[in-house]
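Below is one structure, written out as structure tokens, with a few remarks after it.
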Amino acid sequence: MTDAKHIAAMTEAEAAIALAGLAKQLAEANAAYHTDDAPVIDDATYDALKQQNAAIEARFPNLKRSDSPSDQVGAPISEGFGKVTHAQRMMSLDNAFTDEDIVEFAARIRKFLGLLDSSRLDFTAEPKIDGLSLSLRYENGQLVQAATRGDGAVGENVTANARTISDIPEFCKDAPEIMEVRGEVYMSHDDFQTLNVRQNKNGDKQFANPRNAAAGSLRQLDANITKSRPLRFFAYSWGELSHSLGKTQKEAIKRLKYLGFSTNPLTIGCSDTAELLAHYRDIEAKRATLGYDIDGVVYKVNDLGLQARLGFRSTTPRWAIAHKFPAEIAHTFIEAIEIQVGRTGALSPVARLKPVTVGGVVVSNATLHNEDYIAGRDGKGQPIRGGRDIRVGDWVEIYRAGDVIPKVRDVDVSKRGPDSQAYTFPKICPECGSDAVREEGDSVRRCTGGLICPAQAVEKLKHFVSRAAFDIEGLGSKQVEAFFNDDQLSIREPADIFSLATRDAANNSKLKNRDGWGDKSAENLFAAIEEKRRIPLNRLIFALGIRHVGENSANLLANHFANWPAFETILTGAQNGTGTEWDELMSIDGVGSVMAAALVNSFHQSNSRSSIDRLVAELEVIPLSRADTTGSPVAGLTVVFTGSLEQMTRAEAKATAETLGAKVAGSVSAKTDLLVAGPGAGSKAKKAADLGVKVIDEAEWLALIGRNT
DNA sequence: GTGCCTCGAGTTCC
DNA sequence: CTCGAGGCAC
Numbered sequence: 092m093t094d095a096k097h098i099a100a101m102t103e104a105e106a107a108i109a110l111a112g113l114a115k116q117l118a119e120a121n122a123a124y125h126t127d128d129a130p131v132i133d134d135a136t137y138d139a140l141k142q143q144n145a146a147i148e149a150r151f152p153n154l155k156r157s158d159s160p161s162d163q164v165g166a167p168i169s170e171g172f173g174k175v176t177h178a179q180r181m182m183s184l185d186n187a188f189t190d191e192d193i194v195e196f197a198a199r200i201r202k203f204l205g206l207l208d209s210s211r212l213d214f215t216a217e218p219k220i221d222g223l224s225l226s227l228r229y230e231n232g233q234l235v236q237a238a239t240r241g242d243g244a245v246g247e248n249v250t251a252n253a254r255t256i257s258d259i260p261e262f263c264k265d266a267p268e269i270m271e272v273r274g275e276v277y278m279s280h281d282d283f284q285t286l287n288v289r290q291n292k293n294g295d296k297q298f299a300n301p302r303n304a305a306a307g308s309l310r311q312l313d314a315n316i317t318k319s320r321p322l323r324f325f326a327y328s329w330g331e332l333s334h335s336l337g338k339t340q341k342e343a344i345k346r347l348k349y350l351g352f353s354t355n356p357l358t359i360g361c362s363d364t365a366e367l368l369a370h371y372r373d374i375e376a377k378r379a380t381l382g383y384d385i386d387g388v389v390y391k392v393n394d395l396g397l398q399a400r401l402g403f404r405s406t407t408p409r410w411a412i413a414h415k416f417p418a419e420i421a422h423t424f425i426e427a428i429e430i431q432v433g434r435t436g437a438l439s440p441v442a443r444l445k446p447v448t449v450g451g452v453v454v455s456n457a458t459l460h461n462e463d464y465i466a467g468r469d470g471k472g473q474p475i476r477g478g479r480d481i482r483v484g485d486w487v488e489i490y491r492a493g494d495v496i497p498k499v500r501d502v503d504v505s506k507r508g509p510d511s512q513a514y515t516f517p518k519i520c521p522e523c524g525s526d527a528v529r530e531e532g533d534s535v536r537r538c539t540g541g542l543i544c545p546a547q548a549v550e551k552l553k554h555f556v557s558r559a560a561f562d563i564e565g566l567g568s569k570q571v572e573a574f575f576n577d578d579q580l581s582i583r584e585p586a587d588i589f590s591l592a593t594r595d596a597a598n599n600s601k602l603k604n605r606d607g608w609g610d611k612s613a614e615n616l617f618a619a620i621e622e623k624r625r626i627p628l629n630r631l632i633f634a635l636g637i638r639h640v641g642e643n644s645a646n647l648l649a650n651h652f653a654n655w656p657a658f659e660t661i662l663t664g665a666q667n668g669t670g671t672e673w674d675e676l677m678s679i680d681g682v683g684s685v686m687a688a689a690l691v692n693s694f695h696q697s698n699s700r701s702s703i704d705r706l707v708a709e710l711e712v713i714p715l716s717r718a719d720t721t722g723s724p725v726a727g728l729t730v731v732f733t734g735s736l737e738q739m740t741r742a743e744a745k746a747t748a749e750t751l752g753a754k755v756a757g758s759v760s761a762k763t764d765l766l767v768a769g770p771g772a773g774s775k776a777k778k779a780a781d782l783g784v785k786v787i788d789e790a791e792w793l794a795l796i797g798r799n800t
């Protein structure tokens, strides 16, 4: 034991050792307490250890560990979970619904790898568990972190909760020093039933389905509640590894089993698509007797070397696919068809349904996409669902696309009454009365009211405060809408947000007297707004809500122009379709004529321009911090990218290269210094060879610019 | 012109 | 998540 005097006398090295020891001791104690119900130390000792840990951390803040016990179980319950950046992105899977999709999947892989039809290509097939994915990080065999998938790049830290799941080992003997194990947390049918009976007895809410129950249980702020819930875990994948788990998918899964994880017993190897499809039918037949929910079968290329060669698209691997079971359907009728107006003026029809349960969830709305869909045609005028139109009062077949978005699959025409009438899509905006027009070749009808239309104005404001834009704490979509409709403190356009505090002060500070508001909440809101007066250029460009300019394009533009004045000057000077400014816009990789025109219009149309000017006058725009390119290994070089890139998109690659002072060209010439060639590179690689231009692959490029994979 | 691949926009429910 | 469409390579 180490007392306060010891801590005061500690050297940094001693402190680091002490912290490591405490982390281990407390983690073991936690594990024992949460999983076995058999504490290895008593509460007083536990608290004393924890205090020591905190005291050492206070004296040596730089030594605080990533797995610090002060951030874990037993720590006071904080609001929300911490964020965890995954060492390797958690990908999602491409979906397939038909046998043909699977044949194409295999063909795509053969083509990409340049394999002959006659050569062997092995796969694995396993049930796709319907739960939620989890990434477990082990260091030297010890579980140090568990994180949910989140958006794939950043998830939530649910370490304390994961420790309570008995299928998840606290310690793995013989594991690589760094090992991220990925898999699915789920609840069995039996456990789900029992839990709901218990919930009912305690007067707690019932869960709609095992998946929701599992998700709700894992995301409890109090790990003790998670502990009382019967969660299970199947391991099927991995992230960062300090050394490999095997040469093939099958070997790696076997290894995970050896290390103490549950792996799904229905995982098998297959040597062609026929075997994959046979296993699919087999699992489909067993589906009802498995005792847990699955929603399809996952196929993966077995050879990990081939997996590495195939690599990833932006969000999915090329070497795996999920063969989904047909979606569950339900029948109900349409009580009404309503029109919503979006930020770009798009009129979107929504069917109000007689509530019905589909896949364990009660659905009362379903999207009808657009005018053509209601009329029974697709965007090109081709009939869908046999060309039947959709009417108010129709009995319809509903399913949840991707198990999420409710959609109308088909109409039962035989149940139509004699007075049934075809739906007439409005030609004027239901919100503002302006003309709603459909441009040639567009499937969407749009309100022409612009900012005059209250619906568009509100949606634009909601976009402005959204997460990837200004992200003002305490000013979400609900609040924005309330302020929009407030007579005294109205927010009609983005600039009004930044004058809110002054206007409220001039108005005798009435905000704090509103329903649900007080001194503190008003003060917090004003502070949060002030905080966002300084805004990075890319966020500002995205927040403007210009059509065709999403988060990604905003980043490209910010990268190119680096600061607001440069961006504004070009857009102000640009003419639609011609001139040097237009050419500069078009020269940006990822910007084409449609986006360029949308940008130019928004800076020339007087209403939108003055709204932008009023906003920018309130802000301090943070320019993009350009790295100093002196000493950059590629400064001044002319680089060309070809073939498919795996670690980054072409646009990202170009932006990064430019940041480092390189020029990026579209084609290989005598002036080219370097060609970065991914798989599938064709004529350019040949030309480079002819001209004697140096050719490297993506990994070598990343190494060159100092970004290791 | 065709055929990927990505992105943008709009959607529901918890 | 899905659809449509923009952008780019061939």
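Each residue of the first sequence is one higher than the one before, counting from 92 in the numbering used here.
For glycine and all other residues, C-beta sits at the position ideal for the given N, C-alpha and C.
Given H414 as reference, the closest of I374, K623 and L459 once Cα atoms are compared: I374
Local Cβ density within 10 Å of N604, reported as buried at 16 or more and exposed below that: exposed
Top-ranked residue by Cα proximity to L227, from L631, S581, N287 and L347: L347
For N456, the first and last residue of its enclosing beta strand (DSSP E): V452 to T458
H422, DSSP secondary structure in three states: strand
Sub-8 Å separation of L566 and L580 beta-carbons: no
For V388, the nearest candidate out of L184, F283, D526 and R482 (CA to CA): L184
Whether I220 touches I385 by CB criterion (8 Å): yes
Whole-Å CB distance - I519 paired with V499, under 8 Å assumed: Going by Cβ atoms, the distance from I519 to V499 rounds to 25 Å, so no, they are not a contact pair.
Classification of D394 by the beta-carbon crowding that lies within 10 angstroms, buried from 16 upward: buried
Cα-Cα separation between F324 and G532, rounded to whole angstroms: 49 Å
Three-state secondary structure (DSSP) of A266: coil
Rounded distance between the beta-carbons of V682 and L676, thought under 8 Å: 6 Å
L690 versus G222, G636 and E522, residue with shortest Cα-Cα distance: G636
Contact belief for A560 with R630 at Cβ below 8 Å, rounded distance in angstroms: 6 Å
Residues sharing a beta bridge with Y229, DSSP: L234 and M270
Proximity to E709 [Cα-Cα], best of I626, A253, M270 and A748: I626
Three or more C-beta pairs below 8 Å linking the region 347-367 and the region 172-180: no
Sequence-distant residues of its chain with Cβ nearer than 6 Å to V731 (five each side left out): A756, V759, T763 and L766
Same chain, Cβ closer than 7 Å to T423, five either side skipped, listed in chain order: L444, K445, V447, V487 and I489
Supposed contact pair P408 and L332 - C-beta distance, whole angstroms, cut 8 Å: That pair is no contact at about 16 Å.
Rounded distance between the beta-carbons of Y383 and S279, thought under 8 Å: 5 Å
Own chain residues within Cβ distance below 6 Å of H125, not counting five before or after: Low confidence applies to H125: its pLDDT is 38, below 50, so where it sits in the model is not reliable, and the reading given next is rough at best. Result list for H125: R254, T255 and K318, in chain order.
Selected residue, minimal CA-CA separation from D258, among A645, F188, A326 and A369: A326
Burial state of P260 (16 or more Cβ within 10 Å): buried
8 Å CB neighbourhood of N654 in its chain, flanking five on each side removed: L628, V712, P714 and L715
CB contact flag (I582, I620, <8 Å): no
For V725, three-class secondary structure by DSSP: coil
Helix, strand or coil at R491 according to DSSP, with G and I counted as helix: strand
Distance CB(C544)-CB(S568) smaller than 8 Å: no
Which residues DSSP lists as bridging K414, in chain order: Note that residue 414 is His in the sequence shown, not Lys. Per DSSP, A187 and V388.
Residues of its chain near R310, where Cβ-Cβ distance is below 8 Å and the 5 sequence neighbours each way are ignored: F172, T239, E247, V249 and N252
Residue environment, E271, which counts as buried when at least 16 other CB atoms sit within 10 Å: buried
Residue environment, V495, which counts as buried when at least 16 other CB atoms sit within 10 Å: exposed
Y383 - DSSP class collapsed to helix/strand/coil: coil
Cα-Cα separation, A753 to R400: 27 Å
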